[in-house]
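A.B. asks: Chains as they are written, first to last, in the numbering used here: chain A, 1053 to 1411; chain B, 1053 to 1411; chain C, 1053 to 1411; chain D, 1053 to 1411.
Glycine included, each C-beta is placed from N, C-alpha and C at the ideal position.
There are 4 protein chains.
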Amino acid sequence: MAKRIGILTSGGDCAGLNAVVRAAVLRARDGYGWTMIGIHNGTAGLLARPVEAEELDRRMTTSTVLRMGGTILGTTNKGDPFAYPMADGSRRDRSGEIIEGCRLLGLDALIGIGGDGSFAILRKLAQQGGIPFVGVPKTIDNDVAQTERAIGYATAVTTATEALDRLQPTAASHSRVMVLEVMGRDAGHIAIAAGIAGGADIVLIPEIPWRLDALKRKIDALKAEGRNFALVVVAEAVKTAEGHTVDADRGFGQRRLGGIGEYVGEQLAAATGAETRVTVLGHVQRGGMPGAEDRLLASAFGVHAVDLIAQGKFDRMVSWWNRDVIDMPLADVVNNAHVVDPAGPLVRTARGLGICLGD
Amino acid sequence: MAKRIGILTSGGDCAGLNAVVRAAVLRARDGYGWTMIGIHNGTAGLLARPVEAEELDRRMTTSTVLRMGGTILGTTNKGDPFAYPMADGSRRDRSGEIIEGCRLLGLDALIGIGGDGSFAILRKLAQQGGIPFVGVPKTIDNDVAQTERAIGYATAVTTATEALDRLQPTAASHSRVMVLEVMGRDAGHIAIAAGIAGGADIVLIPEIPWRLDALKRKIDALKAEGRNFALVVVAEAVKTAEGHTVDADRGFGQRRLGGIGEYVGEQLAAATGAETRVTVLGHVQRGGMPGAEDRLLASAFGVHAVDLIAQGKFDRMVSWWNRDVIDMPLADVVNNAHVVDPAGPLVRTARGLGICLGD
Amino acid sequence: MAKRIGILTSGGDCAGLNAVVRAAVLRARDGYGWTMIGIHNGTAGLLARPVEAEELDRRMTTSTVLRMGGTILGTTNKGDPFAYPMADGSRRDRSGEIIEGCRLLGLDALIGIGGDGSFAILRKLAQQGGIPFVGVPKTIDNDVAQTERAIGYATAVTTATEALDRLQPTAASHSRVMVLEVMGRDAGHIAIAAGIAGGADIVLIPEIPWRLDALKRKIDALKAEGRNFALVVVAEAVKTAEGHTVDADRGFGQRRLGGIGEYVGEQLAAATGAETRVTVLGHVQRGGMPGAEDRLLASAFGVHAVDLIAQGKFDRMVSWWNRDVIDMPLADVVNNAHVVDPAGPLVRTARGLGICLGD
Amino acid sequence: MAKRIGILTSGGDCAGLNAVVRAAVLRARDGYGWTMIGIHNGTAGLLARPVEAEELDRRMTTSTVLRMGGTILGTTNKGDPFAYPMADGSRRDRSGEIIEGCRLLGLDALIGIGGDGSFAILRKLAQQGGIPFVGVPKTIDNDVAQTERAIGYATAVTTATEALDRLQPTAASHSRVMVLEVMGRDAGHIAIAAGIAGGADIVLIPEIPWRLDALKRKIDALKAEGRNFALVVVAEAVKTAEGHTVDADRGFGQRRLGGIGEYVGEQLAAATGAETRVTVLGHVQRGGMPGAEDRLLASAFGVHAVDLIAQGKFDRMVSWWNRDVIDMPLADVVNNAHVVDPAGPLVRTARGLGICLGD
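1) Using a Cβ-Cβ cut-off of 8 Å, state whether C:Leu1078 counts as contacting chain D.
2) Could you confirm whether any beta carbon from chain C is found closer than 8 Å to the beta carbon of B:Leu1174?
3) For a contact meaning CB atoms closer than 7 Å, what does B:Arg1338 contact in chain C?
4) With DSSP collapsed to three states, give me the class of D:Asp1168.
5) Does the beta carbon of D:Asp1065 sit closer than 8 Å to a beta carbon anywhere in chain A?
6) If you count every other CB in all the chains shown that lies within 10 Å of the CB of A:Leu1070, and 16 or more means buried, which is it?
7) With contact counted as at least three CB pairs below 8 Å, one residue from each stretch, are the stretch 1088-1097 of chain C and the stretch 1055-1075 of chain C in contact?
8) Using 8 Å as the threshold, is the stretch 1381-1395 of chain D in touch with the stretch 1168-1179 of chain D, meaning 3 or more CB pairs across them?
9) To be precise: take each residue of the stretch 1326-1352 of chain B, compare its Cβ to all Cβ atoms of chain C, and keep it if any distance is under 7 Å. Which residues remain?
10) If contact is defined by three or more beta carbon pairs under 8 Å, each pair taking one atom from either stretch, is the stretch 1352-1362 of chain A in contact with the stretch 1239-1259 of chain A?
11) Along the chain, where does the alpha helix (DSSP H) containing B:Pro1221 start, and where does it finish?
12) Can you tell which of C:Thr1113, C:Lys1130, C:Ser1351, C:Leu1099 has the C-alpha that lies nearest to the C-alpha of C:Glu1149?
13) Within 8 Å of any Cβ in chain B, is that where the Cβ of A:Pro1468 sits?
14) Can you find a C-beta in chain C that's less than 8 Å from the C-beta of B:Gly1251?
15) Between the Cα of D:Glu1294 and those of D:Pro1261, D:Phe1281, D:Gly1278, D:Val1316, spot the shortest distance and give me the residue it belongs to.
16) Which residues in the same chain have their Cβ closer than 8 Å to the Cβ of A:Leu1333, if we skip the five residues on either side of it in sequence?
17) My understanding is that B:Val1399 touches B:Val1392, with C-beta atoms under 8 Å, so please give their C-beta distance in whole angstroms.
18) How do the stretch 1309-1329 of chain D and the stretch 1196-1208 of chain A stand: do at least 3 beta-carbon pairs fall below 8 Å, yes or no?
19) How far does the alpha helix (DSSP H) with C:Ile1312 in it reach, from first residue to last?
20) For my contact list, C:Ala1252 and C:Ala1287 are in at a C-beta cut-off of 8 Å; report their separation, rounded to the angstrom.
21) Since B:Leu1405 meets chain A, which of its residues come closer than 8 Å, beta carbon to beta carbon?
22) Once the 5 residues before and after C:Val1117 are set aside, which same chain residues still bring their CB inside 6 Å of it?
23) Apply the 10 Å Cβ neighbour rule to A:Gly1303 and answer buried if 16 or more other Cβ atoms are within range, or exposed otherwise.
24) Distance check for D:Tyr1084 and C:Arg1307, CA to CA, integer angstroms please.
25) Mapping DSSP to helix, strand and coil, what is A:Cys1154?
26) Between the Cα of A:Leu1078 and the Cα atoms of A:Gly1313, A:Gln1220, A:Leu1108, which residue gives the shortest distance?
27) Output the distance between the C-alpha atoms of A:Arg1269 and B:Gly1064, rounded to the nearest integer angstrom.
28) Under 8 Å between the Cβ atoms of C:Arg1338 and C:Ile1124?
29) For a cutoff of 8 Å on Cβ pairs, would you count D:Thr1213 as touching chain C?
30) Do the CB positions of C:Met1341 and C:Gly1121 come within less than 8 Å of each other?
31) Closer than 8 Å, CB to CB, is C:Arg1375 near chain D or not?
32) Using alpha carbons as the reference points, say which of C:Asn1374, C:Ala1266, C:Leu1382, C:Arg1347 lies closest to C:Phe1366.
33) Quick check on D:Asp1217 - is its C-beta less than 8 Å from some C-beta in chain A?
34) Consult DSSP for A:Ile1163 and reduce its assignment to one of helix, strand or coil.
35) Tell me which same chain residues have a C-beta within less than 8 Å of the C-beta of C:Phe1132, skipping the five on either side of it?
36) Give the straight-line distance between the Cα atoms of B:Asp1145 and B:Arg1375, rounded to the nearest whole angstrom.
Structure, rendered in structure tokens:
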């Protein structure tokens, strides 16, 4: 029987979201004769009355949409619906309204594209409301468990690597230390992958606490071998060996913008005397046209998510594993972040290249 | 004890070769205190007298080298040394000269960066000469077995996808069918991956014989739904359902350049009446700056190859498998091409998107 | 009084056309309160009954449209309306139908984006029908007179230069001569500009007849100074010193695809013994996202074209001249191609760098 | 008679410097048989004893160097030699040492690649020391007078435009106002050119003081027409209508990093209630591979600079003017910055598109 499938994007945007939606629409419509409903602005569209959503037609399936960054459905990262922040400052459980929103749309199943935080919420909503749910992993941080890759990560690494490619010549021309702050709240995948790919000398990630004396030793060693510049990559959430972060301990600097990158730059300049400049890469890591790999992954995920619904397999997340598209129980995904393994291949490769990881 | 390690690149060049060499030099020199010898032009450098090679110093380890396409060691794909083509047209076994070349250089071990054809030859040379050998997989076609990815593939897919991104608007502006011929002698990975990522309507790969009537049906269906253009990707070695290829059966066209792409274009134009244009992507797929992923993979492979030598593990190939760098016996790699699986995720995704694969 | 302005794109597509249309819509609608009518497929839309056109609304003004390659209006380069090719093989003057098409749309003025060939036709139509007309120059060849730059040229040069950037490493890795055939039917601007920017050794343009012995001398000189590779750029319409072209004299090769590039490659290989490979860049030069310069130029042209209509200045072409947007009489543009000046700055620069121009 | 020509890069680095040096070396060596001496780190190399410089040989002429960002000669923007900052805090006239440095190198003439600030100093040195001098204009800000374009500008505009291309989708996905701070100390060319090319809604440049209420009106107007996001570009040195800048009046914020961009973002957020994010583009605007246009311009300038020396024309700057390479008296260049003309084509185009310029 013809089904009506809802699809939404949740949490921070990234490259490749539209490619998932396009693939799901093509598979659902041409493969199964189903109707796809695009929900606007994540769960916010299901909270609104009338519900904010639209039927996704052929216009959504062009190759132009495939190449577009961001999400044409819109997204939000405001508000856990189980403790929704109200205008008066209080918090309220609005989960019932969201579930009702799904019913108002007449949905037979829901596809949610998100990270592990979104999955925890969407799964709880699905269980409470009896909504058949399938998840598609996305996050520039690549910290979703049970999949080798999440959508948006490859493009973010490419963007950060290109920034290093641009900073290296100006660093060498002016004999400077260049610090690049990249995203990575819980996991340092972007920092370490781009650091290796972009030829960084020092990479600081949240998983490995850093000490200034280790950084100073590396800069001194580079000078001793005749290098006149250095490239440093810092993930936004790194902490010192004493457990300090810029956000947690405002004594570090009281700054909002460029917090940790600027802090590391100042410390390095003071300790080594090197002329130091800081660049905060920021939101350009999220936006932008998805690279070929993210488009391919997104297409594979979108098709497989619809196939799971056809097979009646729910409460699962599509996954890329060992050269194949498979699916995993969402129960194994939530509360199980995939951080950089301090004994894993990225760290071994970085150390093998002589990159200082701050310890 | 300080070792002398030779390293060479063999077969067609691709993006990321220099990143492997750089990583190996950094790991060997700074990690173990060893000397790295770069052999020029693949096995040709070992055939020459004096042997053509150079000690790889710090100059080889810059981030500039990391980003450079091609191979600064040079390469060649002329001549199986066990049946070397001589000037007089005869063939001669020159393997002994190559083994002697390694001895003249005083090599303790050899790292060869190549595809499965190169590995078959290099492994035979290593066994015959008692040379400890480690292989690093590279090939834009991604047809090396026992590794999820080989160096150069990701960048080639990106280049082919960018070509489709450029052909789509001009196809739509002029209501044309655009045919793009990409590389892929034994495996259609570039064609199908770029076809999915670039929004192709038809993708022909060597693994699936094609029939003109299937292509015609797809073009007619696109017209029927209001589409005024189509994108077609053709791997260079595709064959028809009757087993014909352009190279094998010169009756197809007697053309050297643009053989199969032009043939498919002509057939499509004749069968559908559509205005058709053909682009042969050619050597731009090989050259060019490696993308972030190829640089990361290459760095991981270069470090691990040197570590294998330190551990005394030989006759093995470094491999990317399930989110890790591991190593596999070369015996399982040679004569075991990794082609596109007609039931695998790429084909399933393509079919799920409604892409016509010619059957 | 509120006007209705028609806009169409004519001739081969290129990057930046949509940016002109967007700018014209923004200026006409928000600046003057006028209505813009987008005519489909060049003059073909005016020949069709009912006329094929649409009112261009806010959807046309997004920054997404600004970045899109091709033309969302569609275009055609079939058929001079004064001698239109009919199905029965005859030719008929259909200019009256096009003029009537403008009247059916109620147009007060017409903006045509095209090259000098299109301008000749559109100007004649405008004069015959009493239609106030303004032209906007576009052409990847940059051969429109009375303007320093036409839309699409800068992006095409970037694309051709990137191709050389990708061919250089593979040429050097394999010790090859790489020939790149680029577009340029009447003028060699793309070839010589990309040749200089991409580090070519030989550049052949239509404005300078070439001799094989000059090419051979250059290749020999490169070998003598130790270079193992060469980059050669060939514009599609070059001719030998004897006046031969591949198209004009089929004795050259009887090939349709890769005509002149392949011919030059074969001649070079035969004359020098060098391993030679040929790449025909083709339609990727037209398509693709416009670069910053083309988007800026297109925006300036679109605004100025509408301002000209407001000022009642017709039969003129907008123009970039000496760091400003101005306008020129169309009478001075048609039949007055801007070819590469053999004594001009591009040729002087190329010769100053030691690039062989074939003479 | 064979000459010895010195060449140096002065002031902030940018894309295309190496292409100038390469072109000058090729022209001087192959065209005239002269020797080129590359001086290290701008005038600092002439102050050092022994003088820091090297003969530039064939290695400097590869196409790899042509594509490299930064300057392989090194540069510095420390220290006016007529009032050189000494370690003890005093200032000393060290011009004599620099002139002596030129004599120690046996230079017959000097080519200096710089902006107007560097030209003022280098010209004074040349006059005082009797050194024949030719200038080549470079600056990402495009504020050098008497030339349509300076090296590095086109690439910087491309980089800033790409940043907007990446910020737009994430702005639209999250319904945000995105502020991008770009370079531009004295002139707003990058900001306004990238703002037009990247589809910005508001562009603030140093030449036009801004008022918050104008910005608020524009944001409100966008909301009223249904837009859920806005793109804002801010040049680093903009000032308010009251003459305040962030640097001049620390009351604005006391911030070093992200000064003006963050200030504008905070003000906008407070005035409009919009969710606002700020990105400071920083040094990625300087570094990176030069685009085709900068490489072409740099090549033309390098050749022409050497030709001027051959013709005995000194105290002049090479210039791009009206589709040609010419030269201008340096006297007309210094103290004559080329800022954005408030009645010029960039401003007219921006206003024609409805872009708010803050007034």
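C.D. replies: So, to answer that:
1) The count along the third sequence starts at 1 and reaches residue 1078 of chain C at position 26. Closer than 8 Å to some Cβ of chain D, the Cβ of C:Leu1078 qualifies, so yes.
2) Residue mapping note: residue 1174 of chain B aligns to position 122 of the second sequence, counting from 1. False, the Cβ-Cβ gap to chain C never drops below 8 Å.
3) Translated into the one-based positions of the second sequence, residue 1338 of chain B becomes position 286. Neighbours of B:Arg1338 on chain C, chain order: Thr1222.
4) One-based indexing of the fourth sequence puts residue 1168 of chain D at position 116. Helix at D:Asp1168.
5) Position 13 of the fourth sequence, counting from 1, holds the residue named residue 1065 of chain D. By this cut-off, D:Asp1065 is an interface position.
6) Stepping through the first sequence from its first residue, residue 1070 of chain A is reached at position 18. Per the sequence presented here, residue 1070 of chain A reads as Asn, with Leu not at that position. With 16 or more other Cβ atoms within 10 Å, it is buried.
7) yes
8) yes
9) Arg1329, Val1330, Thr1331, Val1332, Gly1334, His1335, Val1336, Arg1338, Gly1339, Gly1340
10) no
11) Residue numbering aside, residue 1221 of chain B sits at position 169 when the second sequence is read from its first letter. Counting along the chain, the alpha helix (DSSP H) containing B:Pro1221 begins and ends at 1205-1226.
12) For the purposes of this step, residue 1149 of chain C is taken as the residue at position 97 of the third sequence. Out of C:Thr1113, C:Lys1130, C:Ser1351, C:Leu1099, C:Leu1099 has the C-alpha closest to the C-alpha of C:Glu1149.
13) Residue 1468 of chain A is absent from the model: chain A starts at 1053 and stops at 1411.
14) Within the second sequence, the letter at position 199 stands for residue 1251 of chain B. Answer no: the Cβ-Cβ gap between B:Gly1251 and chain C never drops below 8 Å.
15) The sequence position of residue 1294 of chain D within the fourth sequence is 242, counting from 1. For the residues D:Pro1261, D:Phe1281, D:Gly1278, D:Val1316, the minimum Cα distance to D:Glu1294 belongs to D:Pro1261.
16) Start at 1 with the first residue of the first sequence, and residue 1333 of chain A comes out as number 281. Result list for A:Leu1333: Thr1211, Ala1212, Ala1215, Leu1232, Glu1233, Val1234, Met1235, in chain order.
17) Residue mapping note: residue 1399 of chain B aligns to position 347 of the second sequence, counting from 1. Residue mapping note: residue 1392 of chain B aligns to position 340 of the second sequence, counting from 1. That belief holds up - the Cβ atoms of B:Val1399 and B:Val1392 are roughly 7 Å apart, short of 8 Å.
18) no
19) As a working mapping, residue 1312 of chain C is identified with position 260 in the third sequence. Unbroken alpha helix (DSSP H) run through C:Ile1312: 1311-1324.
20) Position 200 of the third sequence, counting from 1, holds the residue named residue 1252 of chain C. Position 235 of the third sequence, counting from 1, holds the residue named residue 1287 of chain C. About 12 Å separates the two Cβ atoms, so there is no contact after all.
21) One-based indexing of the second sequence puts residue 1405 of chain B at position 353. Going along chain A in sequence order, the residues near B:Leu1405 (Cβ under 8 Å) are Ala1075, Leu1078, Arg1079, Ser1351, Val1355.
22) Counting from one through the third sequence, the residue named residue 1117 of chain C turns up at place 65. If we look at C:Val1117 and ignore the five residues flanking it on each side, its Cβ neighbours are Asn1070, Arg1074.
23) Within the first sequence, residue 1303 of chain A is the residue found at index 251, counting from 1. Low per-residue confidence applies at A:Gly1303: pLDDT is 39, beneath 50, and the placement is therefore not dependable enough to give any value.
24) Residue numbering aside, residue 1307 of chain C sits at position 255 when the third sequence is read from its first letter. Residue numbering aside, residue 1084 of chain D sits at position 32 when the fourth sequence is read from its first letter. Residue placement at C:Arg1307 is flagged as unreliable, the pLDDT there being 38, under the threshold of 50; the coordinate-derived value follows with that caveat. Distance between the alpha carbons of C:Arg1307 and D:Tyr1084: 43 Å.
25) As a first step, residue 1154 of chain A must be located in the first sequence, where it is residue number 102. If DSSP states are grouped into helix, strand and coil, A:Cys1154 belongs with the helices.
26) Along the first sequence, read from residue 1 onward, the residue named residue 1078 of chain A stands at position 26. Nearest option by C-alpha distance: A:Leu1108.
27) Your numbering for residue 1269 of chain A matches position 217 in the first sequence. Your numbering for residue 1064 of chain B matches position 12 in the second sequence. Approximately 41 Å between the Cα atoms of the pair.
28) For this step, residue 1338 of chain C is matched to residue 286 along the third sequence. For this step, residue 1124 of chain C is matched to residue 72 along the third sequence. Their beta carbons are not under 8 Å apart, which means C:Arg1338 does not touch C:Ile1124 by this criterion.
29) Here residue 1213 of chain D refers to the residue found at position 161 of the fourth sequence. Answer yes: the Cβ-Cβ gap between D:Thr1213 and chain C drops below 8 Å somewhere.
30) To locate residue 1341 of chain C, count along the third sequence from 1; it is residue 289. To locate residue 1121 of chain C, count along the third sequence from 1; it is residue 69. Cβ atoms of C:Met1341 and C:Gly1121: closer than 8 Å.
31) In the third sequence, counting from the first residue as 1, residue 1375 of chain C sits at position 323. True, the Cβ-Cβ gap to chain D drops below 8 Å.
32) For the purposes of this step, residue 1366 of chain C is identified with residue 314 of the third sequence, where counting begins at 1. It is C:Leu1382 whose Cα lies nearest to the Cα of C:Phe1366.
33) Start at 1 with the first residue of the fourth sequence, and residue 1217 of chain D comes out as number 165. Taking Cβ atoms only, chain A reaches closer than 8 Å to D:Asp1217, which makes this a yes.
34) Residue 1163 of chain A sits at position 111 when you count from the first residue of the first sequence. Reduced to three states, the DSSP call for A:Ile1163 is strand.
35) Locating residue 1132 of chain C in the third sequence gives position 80, counting from the first residue. According to the sequence provided, residue 1132 of chain C is Asp. The question's Phe does not apply to it. Contacts found: Ile1173.
36) Along the second sequence, read from residue 1 onward, the residue named residue 1145 of chain B stands at position 93. Along the second sequence, read from residue 1 onward, the residue named residue 1375 of chain B stands at position 323. Each residue's Cα considered, the two are about 41 Å apart.
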